[in-house]
Amino acid sequence: MNKRHLPSIAALQCFEAVTRHLSFTRAAEELNLTQSAVSKQVAQLEELVQHLLFQRVRRRLQL
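Take the sequence shown: its position 13, counted from the start at 1, is 13 in UniProt numbering, and no numbers get skipped.
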């Protein structure tokens, strides 16, 4: 598999934390990152898999 098609460890860590907390803000606090950085990592992962990983409904996340 080509390296370009593998997600970064950082993106996977962000995704895992957001999944557990269902919150970009709480995940960012846990990872000592900004909310924006976590959001960008998840967006890159979504672009890589060409699918939305979360439904964003009224400021809430759903898997």
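Quick reminder that beta carbons are idealized off the backbone N, C-alpha and C, glycines included.
Minimum C-alpha distance to residue i - residue among the options
| i | options | result |
| --- | --- | --- |
| Leu63 | Thr25, Ser8, His21, Gln13 | His21 |
| Leu61 | Ser39, Gln44, Glu47, Ser8 | Ser39 |
| Ile9 | Arg26, Thr34, Gln44 | Gln44 |
| His5 | Gln50, Arg56, Arg58, Val57 | Gln50 |
Sequence-distant residues of its chain with Cβ nearer than 8 Å to residue i (five each side left out)
| i | result |
| --- | --- |
| Val42 | Ala11, Cys14, Phe15, Val18, Phe24, Leu53, Phe54 |
Same chain only: Cβ atoms within 6 Å of residue i, ignoring 5 sequence neighbours per side
| i | result |
| --- | --- |
| Glu30 | Ala17 |
Strand pairing of residue i, partner residues [DSSP]
| i | result |
| --- | --- |
| Val57 | Arg60 |
Range covered by the alpha helix (DSSP H) that runs through residue i
| i | result |
| --- | --- |
| Gln44 | 35-49 |
| Leu31 | 24-31 |
Rounded straight-line distance, which links the Cα of residue j to that of residue i
| i | j | result |
| --- | --- | --- |
| Pro7 | Ala27 | 18 Å |
Sequence-distant residues of the same chain with beta carbon closer than 7 Å to residue i, five excluded per side
| i | result |
| --- | --- |
| Thr34 | Ala28 |
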